[in-house]
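Step one of this worksheet: look at the structure below.
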Amino acid sequence: MNVFSLLSGLCFCFLMACNTTSTPADETTSAPLVKQTSITDNQTAKMATPPAIKMDSLIETTHLMGKFDPLKDSDFIEIDIQYADRPGQLLHKETYAAFIRMYEAAEKAGIKLIIKSATRNFSAQKAIWEGKWNGQRLLEGNINAAKKIPDPVQRALKILEYSSMPGTSRHHWGTDIDFNAFVNSYFEKGQGKKEYEWLVANAATFGFCQPYTHKGTARPDGYNEEKWHWSYLPLAKRLSDQYKIRLTNADISGFDGAETATQIDIIKKYVFGINHQCL
Ligand SMILES: [Zn+2]
């Protein structure tokens with residue numbers, strides 16, 4: 008059992024109703040763990056110290072930066088193909104349970120939420136980032152960043168309009184999902200508009216928040232708006248809190264262009280340059 012399991016199974020359950028043996032679909036029917044197991048007085052006394060803070064501090068920083076294989080992590084589960092546009096995608100089990108609840112509510116309202124991207128670990132994000140950095144992946148369909156933008160900071164800032172540096176993506180955590188389309192224009196008319204309006208009105212009920220809202224005075228820094236990207240806050244908030252405490256720009260390394268992270272102030276501007284309602 009890794010630290011994530013420990014968190015989900017002990018700390019989270021101590022505070023909230025859930026069951027370590029439950030499947031995602033029946034999670035809401037479970038009773039608090041504290042009533043189901045025989046916890047000694049000594050253990051109870053130990054758990055009386057703030058458990059979330061105590062247990063969250065055990066999360067490995069490598070995990071926060073996506074440096075693990077979600078396929079080999081028992082906290083992650085493959086998304087059923089009925090919910091996704093391709094097989095083989097993964098989510099943290101807690102996120103998946105909440106997503107299914109939201110999916111079913113949306114379906115009743117005539118809204119279909121199809122997962123286009125979910126967990127991406129460090130190496131998956133590195134492939135995306137370096138493809139753009141080195142010009143194999145064109146930006147906006149036709150810009151070769153390696154040729155067009157020789158200045159490293161300017162090149163990184165251009166890629167950062169929509170793509171994270173490896174080690175800084177919320178997709179590392181298994182808490183964040185991209186729905187239906189990767190362009191904002193899809194969500195501004197027709198069925199896409201209905202889908203977005205449903206998410207804005209209802210996603211919070213299921214724990215989801217849109218981190219990359221319109222960029223402007225309310226959100227001056229970070230990625231451009233992404234109407235498709237939603238984050239499961241009950242888990243993501245705990246991970247981002249640990250990220251803030253324990254990682255610095257100097258930790259962001261191990262890929263082409265990483266030397267720009269400190270100058271850009273990547274953690275403050277991008278990891279935390281999000282919709283304040285998601286903090
Ligand atoms: Zn996303």
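Residue numbers for the sequence shown follow my numbering, beginning at 8 and rising by one.
From the three backbone atoms N, C-alpha and C, an ideal C-beta is built for every residue, glycine too.
With distances taken from each beta carbon to the nearest heavy atom of ligand 1, which residues come in below 7 Å, in chain order?
Those residues, listed in chain order, are SER124, HIS178, ASP183, ASP185, GLU233, TRP235 and HIS236.
Using 9 Å as the threshold, is the C-beta distance between ILE297 and LEU206 below it?
A query on residue 297 cannot be resolved here, the shown segment of the chain reaching from 8 to 286 and no further.
I'd like the ranges of any alpha helix (DSSP H) spanning at least 4 consecutive residues and lying wholly in the region 162-240.
Under the rule that a run must span 4 or more residues, the alpha helix (DSSP H) segments found entirely inside the region 162-240 read 197-209.
Return the CA-CA distance between GLY138 and LEU167, expressed in angstroms with no decimal places.
For the purposes of this step, residue 138 is identified with residue 131 of the sequence shown, where counting begins at 1. For the purposes of this step, residue 167 is identified with residue 160 of the sequence shown, where counting begins at 1. Looking at the two C-alpha atoms, the distance is approximately 13 Å.
Going by beta-carbon coordinates alone, are TRP140 and GLY261 separated by less than 9 Å?
Here residue 140 refers to the residue found at position 133 when the sequence shown is read from its first residue. Here residue 261 refers to the residue found at position 254 when the sequence shown is read from its first residue. Taking 9 Å as the Cβ cut-off, TRP140 and GLY261 do not qualify as a contacting pair.
What residue from LEU254, HIS221 and MET109 has the CA that sits closest to GLY280's CA?
Within the sequence shown, the letter at position 273 stands for residue 280. Taking only the C-alpha atoms, the option nearest GLY280 is HIS221.
Got a sec? Which residues, its chain only, sit under 8 Å from TRP136 by beta carbon, not counting five neighbours each side?
Counting from 1 along the sequence shown, the entry for residue 136 is found at position 129. Contacts found: ILE166, SER170, SER171, MET172, PRO173, PHE262, ASP263 and GLY264.
Taking ILE122 as part of the alpha helix (DSSP H), name the residues at either end of that continuous run.
Locating residue 122 in the sequence shown gives position 115, where the first residue counts as 1. No alpha helix (DSSP H) holds ILE122; the beta strand (DSSP E) holding it covers 122-124.
Would you identify the three-state DSSP class for ILE273, choosing helix, strand or coil?
Locating residue 273 in the sequence shown gives position 266, counting from the first residue. In the structure shown, ILE273 sits in a helix (DSSP, three-state: H, G or I).
To which residues does DSSP link GLU85 through a beta bridge?
Counting from 1 along the sequence shown, the entry for residue 85 is found at position 78. In the DSSP assignment, GLU85 is bridged to LEU97.
Give the DSSP bridge partners of LEU146, in chain order.
Counting from one through the sequence shown, the residue named residue 146 turns up at place 139. The beta-bridge partner set that DSSP reports for LEU146 consists of ILE150.
On the criterion of 16 or more Cβ atoms from any shown chain inside 10 Å, does GLY214 qualify as buried, or is it exposed?
Numbered from its first residue, the sequence shown carries residue 214 at position 207. Per the 10 Å Cβ criterion, buried.
CA-CA distance, LEU120 and GLN217?
In the sequence shown, the residue the question calls residue 120 occupies position 113. In the sequence shown, the residue the question calls residue 217 occupies position 210. Distance between the alpha carbons of LEU120 and GLN217 is about 14 Å.
Kindly indicate which three-state DSSP category ALA116 falls into: helix, strand or coil?
Here residue 116 refers to the residue found at position 109 when the sequence shown is read from its first residue. DSSP places ALA116 in coil when its eight states are reduced to three.
Which value, in whole angstroms, describes the spacing of the CA atoms of VAL278 and LYS201?
Residue 278 sits at position 271 when you count from the first residue of the sequence shown. Residue 201 sits at position 194 when you count from the first residue of the sequence shown. Each residue's alpha carbon lies about 29 Å from the other.
Give the straight-line distance between the Cα atoms of ALA243 and GLN89, rounded to the nearest whole angstrom.
Position 236 of the sequence shown, counted from the start, is the residue given in the question as residue 243. Position 82 of the sequence shown, counted from the start, is the residue given in the question as residue 89. Rounded to whole angstroms, ALA243 to GLN89 spans 24 Å at the Cα level.
To the nearest angstrom, how far is it from the Cα of LYS123 to the Cα of GLU233?
The residue labelled residue 123 in the question sits at position 116 within the sequence shown. The residue labelled residue 233 in the question sits at position 226 within the sequence shown. Computed Cα separation, rounded: 13 Å.
Straight-line CA distance for ALA257 to LYS79?
Here residue 257 corresponds to residue number 250 of the sequence shown, with the count starting at 1. Here residue 79 corresponds to residue number 72 of the sequence shown, with the count starting at 1. Between ALA257 and LYS79, the C-alpha separation is close to 28 Å.
Report the rounded CA-to-CA distance for ILE84 versus ASP76, giving the unit in angstroms.
By 1-based counting over the sequence shown, the position of residue 84 is 77. By 1-based counting over the sequence shown, the position of residue 76 is 69. Looking at the two C-alpha atoms, the distance is approximately 12 Å.
Is the Cβ-Cβ distance between LEU254 and ILE274 less than 9 Å?
Working through the sequence shown from its first residue, we reach residue 254 at position 247. Working through the sequence shown from its first residue, we reach residue 274 at position 267. Cβ atoms of LEU254 and ILE274: closer than 9 Å.
Have a look at PRO94 and ILE86 and give me their C-alpha separation to the nearest angstrom.
The residue you call residue 94 lines up with position 87 of the sequence shown. The residue you call residue 86 lines up with position 79 of the sequence shown. Here the alpha carbon of PRO94 sits roughly 7 Å from the alpha carbon of ILE86.
Tell me, which residues are paired with ALA257 by DSSP?
Taking the first residue of the sequence shown as 1, we reach residue 257 at position 250. BP columns for ALA257 are empty, so no partner.
Going by Cα to Cα distance, which pick from GLY181, ASP185 and ILE107 is closest to GLY73?
Position 66 of the sequence shown holds residue 73. Selected option, being the one with the closest Cα: GLY181.
Got a sec, what are the start and stop residues for the alpha helix (DSSP H) GLU67 sits in?
Counting from 1 along the sequence shown, the entry for residue 67 is found at position 60. No alpha helix (DSSP H) contains GLU67, which DSSP labels as neither H nor E.
Would you kindly work out how many angstroms separate the C-alpha atoms of ALA116 and ASN128, rounded to a whole number?
As a working note, residue 116 is residue 109 in the sequence shown. As a working note, residue 128 is residue 121 in the sequence shown. Computed Cα separation, rounded: 33 Å.
Is the beta carbon of GLN96 closer than 9 Å to that of ALA134?
Counting from 1 along the sequence shown, the entry for residue 134 is found at position 127. Counting from 1 along the sequence shown, the entry for residue 96 is found at position 89. Judged by their CB atoms, ALA134 and GLN96 are not nearer to each other than the 9 Å cut-off.
Cutting at 8 Å between CB atoms, please list the residues of its own chain near ASN151, excluding the five before and the five after it.
Position 144 of the sequence shown, counting from 1, holds the residue named residue 151. So the list reads GLY142 and LEU145, once near-sequence residues are dropped.
According to DSSP, what are the bridge partners of ALA91?
Taking the first residue of the sequence shown as 1, we reach residue 91 at position 84. Looking at the DSSP assignment, ALA91 forms a beta bridge with ILE122.
Identify whether ILE156 lies in helix, strand or coil by the three-state DSSP scheme.
Taking the sequence shown and counting its residues from 1, one reaches residue 156 at position 149. If DSSP states are grouped into helix, strand and coil, ILE156 belongs with coil.
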